[in-house]
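Using our numbering, the letters of the sequence shown map in sequence onto residues 11 to 322.
Cβ coordinates follow ideal geometry from the N, Cα and C atoms, glycine included.
Data first, discussion second: the structure below is written as structure tokens.
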Amino acid sequence: MSADLKKSSSNVSEKSLTYEEQQAKIAEIRKLIGPLPEKLAIYCSDAAIARYLRARNWNVKKATKMLKETLKWRAEYKPEEIRWEEVAHEAETGKIYRSNYIDKLGRTVLVMRPSFQNSKSTKGQIRYLVYCMENAILNLPADQEQMVWLIDFNGFNMSHISVKVTRETAHVLQEHYPERLGVAILYNPPKFFEPFWMVVKPFLEPKTQNKVKFVYSGDLNTKKIMEDLFDMEKLESAFGGNDDSGFNIDKYAERMREDDKRIPTFWARGNTQSSAPTEPVPTSTVDLNSIERHSDSNAFDNGKVDGSPNHV
Numbered sequence: 011m012s013a014d015l016k017k018s019s020s021n022v023s024e025k026s027l028t029y030e031e032q033q034a035k036i037a038e039i040r041k042l043i044g045p046l047p048e049k050l051a052i053y054c055s056d057a058a059i060a061r062y063l064r065a066r067n068w069n070v071k072k073a074t075k076m077l078k079e080t081l082k083w084r085a086e087y088k089p090e091e092i093r094w095e096e097v098a099h100e101a102e103t104g105k106i107y108r109s110n111y112i113d114k115l116g117r118t119v120l121v122m123r124p125s126f127q128n129s130k131s132t133k134g135q136i137r138y139l140v141y142c143m144e145n146a147i148l149n150l151p152a153d154q155e156q157m158v159w160l161i162d163f164n165g166f167n168m169s170h171i172s173v174k175v176t177r178e179t180a181h182v183l184q185e186h187y188p189e190r191l192g193v194a195i196l197y198n199p200p201k202f203f204e205p206f207w208m209v210v211k212p213f214l215e216p217k218t219q220n221k222v223k224f225v226y227s228g229d230l231n232t233k234k235i236m237e238d239l240f241d242m243e244k245l246e247s248a249f250g251g252n253d254d255s256g257f258n259i260d261k262y263a264e265r266m267r268e269d270d271k272r273i274p275t276f277w278a279r280g281n282t283q284s285s286a287p288t289e290p291v292p293t294s295t296v297d298l299n300s301i302e303r304h305s306d307s308n309a310f311d312n313g314k315v316d317g318s319p320n321h322v
């Protein structure tokens, strides 16, 4: 059993399941899914299956359907094969990037600036978002499986709203990256965003709602949220910290190229973050087209929060 699962097991709030009961549910899902090609088998670590179970309140049937849908998506979309040079043009303005600092819990931090949007291509925007998610996961420590989103609303206005991109963003994050969000900081959102949030909020589970924090630079009470989460010396000045170095596309590109070199090792058997299941891996590819599509997404604990401020 992986360290990630042991950590997540202590955080169960939906149901009081013992560690053994959780293991039994994971084993049941493995049996329902059956043997998989190597990369998909590596993806289905105990910790990964546990995330899908938590996203579906430990309902084995629903979690299995959700996981199968992700496996089909990963087989077709191949997110682990996206490389920096393919999406670099989407990153030039710094609309989404992985910060060079982490929070006090060691979680990867993704900075998002919706007003810096530089592309009208829905396909391109989603592909870059997926690349950023995969890169953030790549850089998580072995004992951590969630990340932090810092969403800067500086310069945001109605012209940055795109329903089509929002819908697609929410779908990808909701269905394929469950339980990856630790906290989302909405920094200085404009007044017109608050009514929109009140419309979106009822569609999110209470635990997801609680992960979204509104922070205003002039409010001492909400400013404390940042101080509790981050080392203020390392935090960017745009979020009230003391680092005013800013985003540099050339330096960031170099970081991403170095990260890209690590991806093959990350997706090799035996890596510490994605312990592979014990079932034998077939030499032929499983027909993932037989997986039933579904729209059961009520237990989403990740994507809609990002989709709302970043691409609405």
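Cβ distance (whole Å) where residue i is taken to contact residue j below 8 Å
i: residue 42; j: residue 74; result: 5 Å
i: residue 129; j: residue 165; result: Their Cβ separation, rounded to whole angstroms, is 17 Å, which puts residue 129 and residue 165 out of contact at 8 Å.
i: residue 240; j: residue 153; result: At roughly 19 Å, the Cβ-Cβ gap does not stay under 8 Å, so residue 240 and residue 153 are not in contact.
i: residue 90; j: residue 49; result: 7 Å
i: residue 173; j: residue 140; result: Contact flag wrong, Cβ pair sits at about 20 Å.
i: residue 223; j: residue 235; result: 5 Å
Which residues DSSP lists as bridging residue i, in chain order
i: residue 123; result: DSSP output for residue 123 lists no bridge partner at all.
i: residue 224; result: 196
i: residue 118; result: 157
i: residue 112; result: Bridge partners of residue 112: none, in fact.
i: residue 106; result: 122
i: residue 162; result: 197
i: residue 191; result: 157
CB contact check: residue i to chain B, cutoff 9 Å
i: residue 219; result: The structure shown has no chain B; it contains just one protein chain.
With 16 other Cβ atoms within 10 Å as the buried cut-off, status of residue i
i: residue 192; result: buried
i: residue 227; result: exposed
i: residue 109; result: buried
i: residue 118; result: buried
i: residue 278; result: exposed
i: residue 92; result: buried
i: residue 168; result: exposed
i: residue 272; result: exposed
i: residue 29; result: exposed
i: residue 208; result: exposed
i: residue 194; result: buried
i: residue 284; result: Unreliable placement is indicated for residue 284, whose pLDDT of 40 sits below 50; no coordinate value is reported for it.
i: residue 100; result: buried
i: residue 120; result: buried
i: residue 260; result: exposed
Cut-off 7 Å between Cβ atoms - residues of its own chain near residue i, not counting five sequence neighbours on either side
i: residue 197; result: 160, 161, 162, 163, 225 and 249
i: residue 186; result: 80 and 83
i: residue 35; result: 63, 68 and 70
i: residue 39; result: 59, 70, 73, 74 and 77
Contacting residues, own chain, Cβ-Cβ under 8 Å from residue i (five flanking each side not counted)
i: residue 61; result: 18, 155, 188, 189 and 190
i: residue 253; result: 111, 243, 244, 245, 246 and 247
i: residue 149; result: 108, 118 and 269
i: residue 145; result: 108, 266 and 269
Neighbourhood of residue i by C-beta, 6 Å cutoff - its chain only, sequence neighbours within 5 removed
i: residue 105; result: 123, 126 and 127
i: residue 94; result: 266, 267 and 270
Please give the ranges of any beta strand (DSSP E) in the stretch 227 to 264, keeping only runs that are unbroken, at least 3 residues long and fully inside the region.
none
Can you list, in chain order, the stretches of the beta strand (DSSP E) that have 3 or more residues and sit fully within the stretch 54 to 112?
106 to 108
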